[in-house]
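**Student:** Protein chains in written order, with this note's numbering: chain V, 1 to 223; chain X, 224 to 431.
One structure, as structure tokens, below. Some questions next.
Spelled out as structure tokens, the structure:
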């Protein structure tokens, strides 16, 4: 079973890294969103510094959901999903491994790049690291919630839009604690630890629950 | 090993495709499913693979691994080839070998290696080509090689001859005969005559 999981991870990783895999698009999309905000708001550094963490989080949220819609859809179209259902790996683990590969290929670069983008939003040095930390523990939950949406919309054309409608409301708790932690890091009055720990808890809960929900939806879509 | 279908019925979109269908298949036997378009050939194969629920009746397998559901003893070759176009033929097959192979060996037969399986379908030279660079018939042959890299006793083939040239059809006939000789079972839905001694034939009529 471990061999099957490793093979699946390697396959997902290779597909994401090759041409058309879309791993880099999320990062570019993130960059564009973060660049647009100062143009829209104007060069008020104090204001930018105050809303900067929230901007990074919104951009991270949208960029994470951007690539998730193809997570199961491409496997459905080429018939792979039919075979994965009867592979050696339970479908729940298939979902978890696919999410892990997707997160590493498309969300982790975003976390690593976020301090750089934070500079463009006039965040101070200490806040840069802590915002990146909050994104690092929060984005896995976003990917997994996106996976639930992706499995519900797997057989629909134009499923990407529906995915956003289904998944975005579910990401609100993650967004609340993520922005709370990030704002506390950039000089807010509230402490950093409580929202950060709540964010960790949300991600752990998503790891425990989302694979079952997504696998259930995928099985329903089989017939 | 014996596959038995007991008065099964399948519905698609509220329409009964067929009902009261029974057949039995033993090790070393091939069943050809024939019938006009829309008669339910694909649905029957998908039901045997466990991808479609039965409306009535039961499917059972005797003499296989008791723990594994029927779907995990079967290779399903559908209309789609289940290949990732960005990956090479080798990468695709290595993945499916790891993913589909049962924990132990079935019938003492070890699965074939990826190069040997591609050689068998006449595509050894294309082993490191990305799949999107292959023709439809070549993709179909890579998909057929998948049947050999993981040993599963029951082969469910949906129009296996699609896009294959004459030589490849003969190779497929050889591969299927070998599989039957090793004690495997084949259920194939096809319009074209198979290059194979068919033990049983099942004719589905178009539903009214």
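Ideal placement from N, C-alpha and C gives every residue a C-beta, glycine not left out.
Only a predicted model underlies this, so the values are computations on that prediction, with no experimental measurement involved.
(1) Beta-carbon of residue 236 of chain X versus every beta-carbon of chain V: anything under 8 Å?
(2) Should the stretch 132-139 of chain V be called in touch with the stretch 106-119 of chain V, which here means at least 3 C-beta pairs below 8 Å?
(3) Nearest-angstrom Cα distance between residue 91 of chain V and residue 42 of chain V?
(4) Could you pull the start and end residues of the beta strand (DSSP E) that residue 433 of chain X belongs to?
(5) For a cutoff of 8 Å on Cβ pairs, would you count residue 351 of chain X as touching chain V?
(6) Given a limit of 9 Å on CB to CB distance, which residues of the stretch 303-320 of chain X reach chain V?
(7) Using beta carbons (cut-off 8 Å, strictly below), is residue 95 of chain V in contact with chain X?
(8) What is the DSSP secondary structure of residue 327 of chain X, reduced to helix, strand or coil?
(9) Between which two residues does the beta strand (DSSP E) harbouring residue 282 of chain X extend?
(10) Could you tell me the distance, in whole angstroms, from the CA atom of residue 233 of chain X to the CA atom of residue 240 of chain X?
(11) Looking at the secondary structure, which residues open and close the alpha helix (DSSP H) in which residue 366 of chain X lies?
(12) Say whether chain X places a C-beta atom closer than 8 Å to the C-beta of residue 7 of chain V.
(13) Run through chain V and tell me which residues come within less than 7 Å of residue 295 of chain X, C-beta to C-beta.
(14) Can you pull the chain V neighbours of residue 274 of chain X, defined as C-beta to C-beta under 9 Å?
(15) Are the CB atoms of residue 107 of chain V and residue 64 of chain V nearer to each other than 8 Å?
(16) Tell me which residues share the same chain as residue 244 of chain X and place their Cβ nearer than 6 Å to its Cβ, disregarding the 5 neighbours each side in the sequence.
(17) Within 10 angstroms of the Cβ of residue 327 of chain X, are there 16 or more other Cβ atoms? Answer buried if so, exposed if not.
(18) Which residue's Cα is closest to the Cα of residue 154 of chain V: V/4, V/68, V/33, V/47?
(19) Distance, Cα to Cα, residue 45 of chain V vs residue 54 of chain V?
(20) Step through the CB atoms of chain V and report whether any lies within less than 8 Å of the CB of residue 336 of chain X.
(21) Using a Cβ-Cβ distance cut-off of 8 Å, determine whether residue 384 of chain X contacts chain V.
(22) Tell me whether the beta-carbon of residue 226 of chain V lies closer than 8 Å to the beta-carbon of residue 323 of chain X.
(23) Are there three or more Cβ pairs, one per stretch, closer than 8 Å when the stretch 4-18 of chain V is compared with the stretch 92-106 of chain V?
(24) Roughly how many whole angstroms lie between the Cα atoms of residue 210 of chain V and residue 384 of chain X?
(25) If contact is defined by three or more beta carbon pairs under 8 Å, each pair taking one atom from either stretch, is the stretch 252-261 of chain X in contact with the stretch 276-288 of chain X?
(26) What three-state label does DSSP hand residue 421 of chain X in the structure shown?
(27) Could you confirm whether any beta carbon from chain V is found closer than 8 Å to the beta carbon of residue 267 of chain X?
(28) Can you tell me whether residue 204 of chain V is buried or exposed, with buried defined as 16 or more other CB within 10 angstroms of its CB?
(29) What is the rounded straight-line gap between the Cα of residue 301 of chain X and the Cα of residue 354 of chain X?
**Tutor:** Looking at the coordinates:
(1) no
(2) Three or more Cβ pairs closer than 8 Å define a contact, and the stretch 132-139 of chain V meets that threshold against the stretch 106-119 of chain V.
(3) Their backbone Cα atoms lie some 48 Å apart in a straight line.
(4) The shown model of chain X, from 224 to 431, leaves out residue 433 of chain X, and the question about it has no answer.
(5) Not one chain V Cβ lies under 8 Å of residue 351 of chain X.
(6) Against chain V - using a Cβ distance shorter than 9 Å - the residues of the stretch 303-320 of chain X are 303, 304, 305, 306, 307, 308, 309, 310, 314, 315, 317, 318, 319, 320.
(7) no
(8) The predicted model places residue 327 of chain X with a pLDDT of 49, which falls under 50 and marks its position as unreliable; any figure quoted below should be read in that light. DSSP places residue 327 of chain X in coil when its eight states are reduced to three.
(9) 279-285
(10) 6 Å
(11) 359-372
(12) yes
(13) 86
(14) 82, 85, 86, 222, 223
(15) Note that the C-beta distance between residue 107 of chain V and residue 64 of chain V is below 8 Å.
(16) 231
(17) Summary for residue 327 of chain X: the model assigns pLDDT 49, below 50, so the residue's position carries little reliability; its value from the coordinates is reported in the next sentence. The residue is exposed, with fewer than 16 neighbouring Cβ atoms inside 10 Å.
(18) V/68
(19) 15 Å
(20) no
(21) no
(22) Not covered by the structure: residue 226 of chain V. The range shown for chain V is 1 to 223.
(23) yes
(24) 40 Å
(25) Fewer than three Cβ pairs drawn from the stretch 276-288 of chain X and the stretch 252-261 of chain X lie within less than 8 Å of each other, which leaves the two stretches out of contact.
(26) Residue 421 of chain X: coil per DSSP, three-state reduction.
(27) Contact with chain V is absent for residue 267 of chain X, since none of that chain's Cβ atoms lies less than 8 Å from the residue's Cβ.
(28) exposed
(29) If I take the Cα positions, the gap works out to 17 Å.
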